[in-house]
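Scroll down for the structure; my scribbles are underneath it.
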Amino acid sequence: MVDIRTIRPPTKLPRGFLLALGLGVLFFFFWRTAGLITDWFWFQEVGYENVFTVSLVAQLKAAAFFGIPYFLFFFLNLTAANRLAPQFQLHEESDTIDVTPAKKPLQLVILAISLLLSLFAALAGANQWENLLLYFNATPFGVNDPLFGKDIGFYVFQLPLLSHLFGWFVSLNLFTLVATAVVYVVRKAVVIRPPQIFRLAPAAKRHLLILVSLFFFWGVFGSWLSLNEILFTKRGVVFGPGYTDVTTQLWVLKALMVVSALCGAAIVAYAFAGRALIPIAAVGAFAALFILGRGVYPGFVQKFQVVPNEIVLERPYIEWNIKYTRLAYQLDNIEERDFPAEENLTREDLRRNDLTIKNIRLWNDAPLLQTYSQLQEIRTYYKFLDVDNDRYTVNGEYRQVMISPRELHYPSLPSRTWINEHLTYTHGYGVVVGPVNRVTAEGLPEFFIKDIPPVSTANLKVTRPEIYYGETSNEYVFVRTKAPEFDYPVGDKNVYSTYDGKGGVPLSFFRKLLFAARFGSVTILLANEITDESRIMYYRTARERVAKIAPFARLEGDPYLVITPEGRLVWFVDGYTMTDRFPYSEPLRNVGNYVRNSFKALVDAYDGTVQIYVSDATDPILQTYAKIFPGVFKPLEEMPEPLQKHIRYPGGMLGIQAHMFRAYHMQDPQVFYNKEDLWAIPGRPGRSGEQEMDPYYTIMKLPGEKKEEFIMLVPFTPSRKDNMAAWMAVRCDMPNYGKLIAYQFPKQKLVYGPRQIDARIDQDAEISKQLSLWNQRGSQAIRGSLLAIPIEKSILYVQPLYLSAEKGQLPELKRVIVAFGNMIAMEETLEQSLQRIFGGELIRDRGGRPPAETAAAEARQRTDREMALEALQHYRRAQEYMKQGNWAAYGEELRKMDEALRSVERRK
Numbered sequence: 000m001v002d003i004r005t006i007r008p009p010t011k012l013p014r015g016f017l018l019a020l021g022l023g024v025l026f027f028f029f030w031r032t033a034g035l036i037t038d039w040f041w042f043q044e045v046g047y048e049n050v051f052t053v054s055l056v057a058q059l060k061a062a063a064f065f066g067i068p069y070f071l072f073f074f075l076n077l078t079a080a081n082r083l084a085p086q087f088q089l090h091e092e093s094d095t096i097d098v099t100p101a102k103k104p105l106q107l108v109i110l111a112i113s114l115l116l117s118l119f120a121a122l123a124g125a126n127q128w129e130n131l132l133l134y135f136n137a138t139p140f141g142v143n144d145p146l147f148g149k150d151i152g153f154y155v156f157q158l159p160l161l162s163h164l165f166g167w168f169v170s171l172n173l174f175t176l177v178a179t180a181v182v183y184v185v186r187k188a189v190v191i192r193p194p195q196i197f198r199l200a201p202a203a204k205r206h207l208l209i210l211v212s213l214f215f216f217w218g219v220f221g222s223w224l225s226l227n228e229i230l231f232t233k234r235g236v237v238f239g240p241g242y243t244d245v246t247t248q249l250w251v252l253k254a255l256m257v258v259s260a261l262c263g264a265a266i267v268a269y270a271f272a273g274r275a276l277i278p279i280a281a282v283g284a285f286a287a288l289f290i291l292g293r294g295v296y297p298g299f300v301q302k303f304q305v306v307p308n309e310i311v312l313e314r315p316y317i318e319w320n321i322k323y324t325r326l327a328y329q330l331d332n333i334e335e336r337d338f339p340a341e342e343n344l345t346r347e348d349l350r351r352n353d354l355t356i357k358n359i360r361l362w363n364d365a366p367l368l369q370t371y372s373q374l375q376e377i378r379t380y381y382k383f384l385d386v387d388n389d390r391y392t393v394n395g396e397y398r399q400v401m402i403s404p405r406e407l408h409y410p411s412l413p414s415r416t417w418i419n420e421h422l423t424y425t426h427g428y429g430v431v432v433g434p435v436n437r438v439t440a441e442g443l444p445e446f447f448i449k450d451i452p453p454v455s456t457a458n459l460k461v462t463r464p465e466i467y468y469g470e471t472s473n474e475y476v477f478v479r480t481k482a483p484e485f486d487y488p489v490g491d492k493n494v495y496s497t498y499d500g501k502g503g504v505p506l507s508f509f510r511k512l513l514f515a516a517r518f519g520s521v522t523i524l525l526a527n528e529i530t531d532e533s534r535i536m537y538y539r540t541a542r543e544r545v546a547k548i549a550p551f552a553r554l555e556g557d558p559y560l561v562i563t564p565e566g567r568l569v570w571f572v573d574g575y576t577m578t579d580r581f582p583y584s585e586p587l588r589n590v591g592n593y594v595r596n597s598f599k600a601l602v603d604a605y606d607g608t609v610q611i612y613v614s615d616a617t618d619p620i621l622q623t624y625a626k627i628f629p630g631v632f633k634p635l636e637e638m639p640e641p642l643q644k645h646i647r648y649p650g651g652m653l654g655i656q657a658h659m660f661r662a663y664h665m666q667d668p669q670v671f672y673n674k675e676d677l678w679a680i681p682g683r684p685g686r687s688g689e690q691e692m693d694p695y696y697t698i699m700k701l702p703g704e705k706k707e708e709f710i711m712l713v714p715f716t717p718s719r720k721d722n723m724a725a726w727m728a729v730r731c732d733m734p735n736y737g738k739l740i741a742y743q744f745p746k747q748k749l750v751y752g753p754r755q756i757d758a759r760i761d762q763d764a765e766i767s768k769q770l771s772l773w774n775q776r777g778s779q780a781i782r783g784s785l786l787a788i789p790i791e792k793s794i795l796y797v798q799p800l801y802l803s804a805e806k807g808q809l810p811e812l813k814r815v816i817v818a819f820g821n822m823i824a825m826e827e828t829l830e831q832s833l834q835r836i837f838g839g840e841l842i843r844d845r846g847g848r849p850p851a852e853t854a855a856a857e858a859r860q861r862t863d864r865e866m867a868l869e870a871l872q873h874y875r876r877a878q879e880y881m882k883q884g885n886w887a888a889y890g891e892e893l894r895k896m897d898e899a900l901r902s903v904e905r906r907k
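First residue of the sequence shown? That's 0 in numbering that gives the first Met the number 0, and the numbers climb one at a time after it.
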């Protein structure tokens, strides 16, 4: 009796289920499409439609690029298996005949699975749209790697896509191999007779072996990729291939390419004819070469040949690492100068640098933010998020100022209804601006601009104070609605306004439907206050708006606000291009190993318009993106000249460069290897932990320059030491923007560093007594940042001291500590502290250098007290020189003290 088993056709699904499924898919599609379409509306609003279209088309192309070949390869292989498999297979120990599933139903299953997997492959491949665009629009760096001689652009723009292609095909071939084997099992092309017999039909054997051989043929490409990827390994003393990698891995990888090809050929030959011994031997040779050549042999060479002779063998690779790291972080552009760090600074020197003295920052961000919050937030729903440093010409004088926008804080609204959050309270209002060094008699900051509406005591005017786009906001608001839009409070009443700018996306019923789906709020459809004249604002933070237009860039975390000459408020956002594919460049965590501050983006706080200007036109990465997104980037020269005056070097960029410069100022391989001159960025004095000092902005006259300028500065100390080793400044004013200068101190001379000065302040009996007294009376003495201020050829240290009640949040500036050389003074004002150390009147109310013709007359009119202070200064210096055993300087200071005392006697 013959038993014939057949497969029953599947039962049909209920129509109700299919209808529900279809509606669910339709709703999901509409919900996903709503986000895409409303994004298109936003790009139309800001005028960057090409960013949206180029990105969308590229994603579709990438999906097709990876999805279609995936479908064809997978589907054709499974279809071939279905057709090549025999229709009947008789079990040798049974009188039954299995009728395998018919080809047609199985083919439909194959088609469905192929479509599903290729859909997933297409969705995953769409994420590679950027790599595809970079590959086909690559810009050469003009610099070749030292090992293979290829342009660095190959590693940055092309190698990532090739590496992804390798992984993509390996996974595709693996899935195809497994699925093909399953088809042959289902079609009974595989006979299994327990416990030992495993038999393949000839067609199945050939097919499966060919798929296996593809792993080895594709492995040739993989070994070639590994050959290029070797530039990003770290086995030696520096990043990049060292002696071991170059002498062992290069030939091993080349040999693996040959052996991989031979393995593939041997497997193909075995598939059609021949014995299994040859492919087994080939695969065994490949495995042995891989294990020994990639693991054992390099480890042996590293341990027994390189380590005992490391500096000799690694020297050329250390040189390459130094060269390419300095290129990648622009450390090669740093001008290095000597700084004598003399201690003969006089009050005449201070007078010549009076603009520097006037711009010494006495207000730290944290206490100033607390004070601003108490004095100027006005209402609970306003909030100052941070304080930014900038410079303006105020009443004819170049001044550093601190500026803070007054933004609307939605969590603090008295009533958080939908109408309040999205229709009524739509914007922040105004800014607070003050000098960095001025205080009132009560120890509170002075203001150039304050209050609501803005009141200015200087030539700075704010005519458009509304902040619709800032650093914080809710997700979306509607303007030009029937609901009154809150503008600002006046006493017990409120002033309302109607938005008359060009920001926001126009609305219609269909658009409201889309936005309701996007934001998940049916109220958008039902609110009567929203009309066809209304507009919706979303992506309301400055960083969000720039990130949508330049999704490839890393943005500075803290945008800063600028007041234009017309009185508008504009956000400045710095953008970086980064990569981790720069050969032989030392990587930095969360950065990569190449960075450029490539552009400056401007975002209008009222209408949200975005303009992006190129700040580093030499950057090949930005040049490539400029090809991809034409019209997005403008030359820096096209930025309005008044706004160019407010460009500043970003703190994040200098922080990265300073961190790398600690080691990479050493260019001699021997010195670098031994870390003989390794630097460190000093920790913040008076703070717990070891957090490094942040670079800080100041206005000062650089040594050898004729006038003051806005710079950013960071000090260095020797590693594990506290004395000063150097300081680095970057110039922020045009036409010298971006020029970096490193000033190195004499190695044979001790120059006090911030931590040492901080310790000496702690040890000062007078200061310690006063601090203890304040801290015992229900108050808290807060020591501000200790700033190192280079003046002429000397270093002056300044530290503000604040007093805050334990239960209050209103810090007041009560003292200013000044340290110079071995002298420390703490007085109520900066001028008084300077007078105590240097004597005489130093800072004039109107600023500027004293006229040359009056200098002699002023010198003759000095008081007896000034002369006595000068004598005391020389006496203190003499005592310090005596402690150091510097008897020549000791005698010189005694001579000057004697002259000062005799001058007092002659005046009497």
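Heads up, the beta-carbon is just placed ideally off N, CA and C, and yes, glycines get one too.
Per the contact definition of three or more C-beta pairs closer than 8 Å, is the segment 66–75 in contact with the segment 110–129?
yes
Whole angstroms are fine: how far does the CA of residue 525 sit from the CA of residue 515?
The count along the sequence shown starts at 1 and reaches residue 515 at position 516. The count along the sequence shown starts at 1 and reaches residue 525 at position 526. In a straight line, the C-alpha of residue 515 is about 10 Å away from that of residue 525.
Can you look up residue 773 in the DSSP assignment and give me helix, strand or coil?
Mapped onto the sequence shown, residue 773 falls at position 774. In this structure, residue 773 counts as helix in the three-state DSSP scheme.
Starting from the Cα of residue 832, find the closest Cα among 503, 795, 488, 716 and give me that residue.
Residue numbering aside, residue 832 sits at position 833 when the sequence shown is read from its first letter. Considering only alpha carbons, the answer is 795.
Beta bridge counterpart(s) of residue 471 as assigned by DSSP:
Start at 1 with the first residue of the sequence shown, and residue 471 comes out as number 472. Answer is none; residue 471 lacks a bridge partner.
Would residue 665 and residue 587 qualify as a contact pair, given that the criterion is a beta-carbon distance under 8 Å?
Looking up residue 665 in the sequence shown gives position 666. Looking up residue 587 in the sequence shown gives position 588. Against a cut-off of 8 Å, the Cβ pair of residue 587 and residue 665 comes out as no contact.
Alpha-carbon to alpha-carbon, residue 109 and residue 98:
Counting from one through the sequence shown, the residue named residue 98 turns up at place 99. Counting from one through the sequence shown, the residue named residue 109 turns up at place 110. Confidence at residue 98 is low in this model, with a pLDDT of 48, below 50, so its placement is unreliable and no value can be given for it.
CB residue 605 to CB residue 568, shorter than 8 Å?
Indexing the sequence shown from 1 puts residue 605 at position 606. Indexing the sequence shown from 1 puts residue 568 at position 569. Going by C-beta atoms, residue 605 is nearer than 8 Å to residue 568.
Which of the three DSSP states is assigned to residue 555 in this structure?
Here residue 555 corresponds to residue number 556 of the sequence shown, with the count starting at 1. Residue state, collapsed to three classes: coil.
Can you tell me whether residue 76 is helix, strand or coil according to DSSP?
Stepping through the sequence shown from its first residue, residue 76 is reached at position 77. Helix, per DSSP.
Quick check on the DSSP output: what are the complete alpha helix (DSSP H) runs of length 4 or more inside the segment 538–608, in order along the chain?
541–548
Please work out which residues of its chain come closer than 6 Å, Cβ to Cβ, to residue 247, disregarding the five sequence neighbours upstream and downstream, and give them in chain order.
Here residue 247 corresponds to residue number 248 of the sequence shown, with the count starting at 1. So the qualifying residues of the chain are 296, 297, 300.
Secondary structure at residue 199, three-state DSSP: helix, strand or coil?
Position 200 of the sequence shown, counting from 1, holds the residue named residue 199. Three-state DSSP puts residue 199 in a strand.
What span of residues does the alpha helix (DSSP H) with residue 351 cover, start to end?
The residue given as residue 351 occupies position 352 in the sequence shown. Here the alpha helix (DSSP H) through residue 351 covers 346–351.
Considering Cα atoms alone, identify which of 202, 260, 249 is closest to residue 220.
Taking the sequence shown and counting its residues from 1, one reaches residue 220 at position 221. Among 202, 260, 249, the Cα nearest to that of residue 220 belongs to 260.
Local conformation of residue 620 per DSSP, three classes:
Translated into positions along the sequence shown, residue 620 becomes position 621. Here residue 620 sits in helix by DSSP.
Taking the alpha-carbon positions, what's the residue 89 to residue 182 distance?
The residue labelled residue 89 in the question sits at position 90 within the sequence shown. The residue labelled residue 182 in the question sits at position 183 within the sequence shown. Note that residue 89 scores 39 on pLDDT, short of 50, meaning its location in the model is unreliable and no value can be drawn from it.
Output yes or no for whether 8 Å exceeds the beta carbon distance between residue 575 and residue 596.
For the purposes of this step, residue 575 is taken as the residue at position 576 of the sequence shown. For the purposes of this step, residue 596 is taken as the residue at position 597 of the sequence shown. For residue 575 and residue 596, yes; Cβs fall inside 8 Å.
In the DSSP output, what is residue 427 paired with across the bridge?
Here residue 427 refers to the residue found at position 428 when the sequence shown is read from its first residue. The partner list for residue 427 (beta bridge, DSSP) reads 466.
Can you tell me which residues form a DSSP beta bridge with residue 409?
On the sequence shown, residue 409 is found 410 positions in, with the first residue counted as 1. Paired residue(s): none; residue 409 is not in a bridge.
Inter-stretch contact (C-beta, 8 Å, three-pair minimum) for the segment 436–444 and the segment 356–371:
yes
Cβ separation of residue 800 and residue 816, assumed to be a contact under 8 Å, to the nearest whole Å
For the purposes of this step, residue 800 is taken as residue 801 along the sequence shown, with counting starting at 1. For the purposes of this step, residue 816 is taken as residue 817 along the sequence shown, with counting starting at 1. About 6 Å; that satisfies the 8 Å criterion.
Using a Cβ-Cβ cut-off of 7 Å (strictly less than) and excluding sequence neighbours within five positions of residue 225, which residues of its own chain qualify?
For this step, residue 225 is matched to residue 226 along the sequence shown. So the list reads 252, once near-sequence residues are dropped.
When you compare the CB of residue 83 with every CB in chain B, is at least one pair closer than 8 Å?
Reference to chain B is not applicable here, since this structure consists of a single protein chain.
Are the segment 280–291 and the segment 322–331 touching, with three or more C-beta to C-beta distances below 8 Å?
no
Let me know if residue 938 comes out buried or exposed under the rule of 16 or more other beta-carbons within 10 Å of its beta-carbon.
Residue 938 lies beyond the residue range present for the chain, which begins at 0 and ends at 907; the question has no answer from this structure.
Rounded straight-line distance, which links the Cα of residue 245 to that of residue 209
Numbered from its first residue, the sequence shown carries residue 209 at position 210. Numbered from its first residue, the sequence shown carries residue 245 at position 246. Residue 209 and residue 245: Cα-Cα distance of roughly 34 Å.
Ends of the beta strand (DSSP E) at residue 700?
For the purposes of this step, residue 700 is identified with residue 701 of the sequence shown, where counting begins at 1. Note, residue 700: premise wrong, no beta strand (DSSP E); not H, not E.
Enumerate in chain order the residues of its own chain whose CB-to-CB distance from residue 544 is below 6 Å, with the five nearest sequence positions on each side excluded.
Within the sequence shown, residue 544 is the residue found at index 545, counting from 1. If we look at residue 544 and ignore the five residues flanking it on each side, its Cβ neighbours are 538, 602, 609.
Indicate whether the contact test is met: 3 or more Cβ pairs, each with one atom in the segment 161–178 and one in the segment 622–641, closer than 8 Å.
no
Can you tell me whether DSSP reads residue 520 as helix, strand or coil?
Counted from its first residue, the sequence shown places residue 520 at position 521. Three-state DSSP puts residue 520 in coil, outside helix and strand.
Count the other CB atoms, across all protein chains shown, that sit within 10 Å of the CB of residue 908; report buried if there are 16 or more and exposed otherwise.
It is not possible to answer for residue 908, since the shown part of the chain is limited to 0 through 907.
Proximal residues to residue 453 (C-beta, below 6 Å), its chain only, five neighbours per side dropped
Indexing the sequence shown from 1 puts residue 453 at position 454. Only 429, 461, 464 meet the Cβ criterion.
Residue 752 versus residue 872 - alpha carbon distance
Looking up residue 752 in the sequence shown gives position 753. Looking up residue 872 in the sequence shown gives position 873. Whole-angstrom Cα-Cα distance: 22 Å.
Count the other CB atoms, across all protein chains shown, that sit within 10 Å of the CB of residue 152; report buried if there are 16 or more and exposed otherwise.
Walking along the sequence shown from the start, residue 152 turns up at place 153. Buried is the call here.
Residue 708: buried (16+ other C-beta within 10 angstroms of its C-beta) or exposed?
Locating residue 708 in the sequence shown gives position 709, counting from the first residue. Classification of residue 708: buried, given that the 10 Å Cβ count is 16 or more.
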